[in-house]
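Reviewing the structure listed below.
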Amino acid sequence: MMRPLFPLLLLGLLRPFTAGCPLALTQYGELNALHEEMKPLGLTILGFPCNQFGNQEPGQNHEILPGLMHVRPGNGFVPNFLLFEKGDVNGKDEQEVFTFLKKSCPPVGELLGDPSRLFWGPMKLSDIKWNFEKFLVGPNGKPVMRWHPSISIPQVRADIRKYLLLQLYTHSRG
């Protein structure tokens, strides 16, 4: 395993997610594995629960972890990454970190989706499209990559490895 010359990431992947989302069945376990694999390289995964996509995270903050453990994905699942309190990622009440991320990375598509399942306003092209959209933030605190929710964790892993190799190459040259 490569040893970084500096901390790779300050924030790592930031993503809204909900326990009620079908993507949760695969992505939670894969995110745990990604975090475990890349933690020695400086990667930190941060999870931001959100109820703006299909009302799939309707519970209170204290209900989120038990929901993950017993409902979806269930089977005693416990995330090995930090979970924040539930908040908005789009619209007039969005958390400032998401305003910054969305201004720093281009949108992952032109369409937002079915407006009857999106709960915020005003809607913008740069908005997060759905649960499990991800952002990669570099060691300097600047966002460097953004992934559509449908992009698989193996692809995200490959992109992070490419980024790490580029950083090591750039750092070694100078």
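The sequence shown maps to residues -20 to -1, 1 to 154 in mature numbering (1 follows the signal peptide of the UniProt record, and there is no 0). Yeah, the Cβ is synthetic: ideal placement off N, Cα and C, and Gly gets one too.
- Put simply, the backbone Cα of E74 is about 40 Å away from that of R153.
- A direct Cα-to-Cα measurement between F99 and G89 gives close to 18 Å.
- DSSP places L81 outside any beta strand (DSSP E); the residue lies instead in the alpha helix (DSSP H), whose first and last residues are E76 to S84.
- When the beta-carbon positions are compared, P59 and N12 come within less than 8 Å of each other.
- In the DSSP assignment, R126 falls within the unbroken beta strand (DSSP E) covering P123 to W127.
- Of the candidates T79, I133, L144 and D94, D94 places its Cα closest to the Cα of N35.
- With a cut-off of 8 Å on Cβ pairs, the stretch 136 to 151 is in contact with the stretch 113 to 126, counting three or more such pairs.
- Shown here, I108 sits in coil according to DSSP, grouped into three states, outside any helix or strand.
- When beta bridges are read from the DSSP output, L92 appears opposite no residue.
- Contact between C30 and K66 holds: CB atoms are separated by about 6 Å, below the 8 Å threshold.
- Residue environment for M18: buried (at least 16 other C-beta atoms within 10 angstroms of its C-beta).
- Judged by beta-carbon spacing, F64 lies within the 8 Å limit of F28, meaning their Cβ atoms are closer than that value.
- The DSSP assignment places 25 to 29 as complete runs of the beta strand (DSSP E) inside the stretch 3 to 53, in order along the chain (cut-off: 3 residues).
- E76 counts as exposed, since fewer than 16 other beta carbons sit within 10 angstroms of its beta carbon.
- The residue from G54, Q135, N55 and L62 with its alpha-carbon nearest to that of T24 is L62.
- If you ignore the 5 residues before and after M103, its C-beta comes within less than 8 Å of the C-beta of N70, G71, L92 and P95, all in its own chain and listed in chain order.
- Beta-carbon to beta-carbon, Q7 and F112 are separated by about 5 Å, close enough to satisfy the 8 Å threshold.
- Just measuring C-alpha positions, the residue of R52, M49, S106 and F57 sitting nearest F78 is S106.
- With fewer than 16 neighbouring CB atoms inside 10 Å of its own CB, E16 falls in the exposed class.
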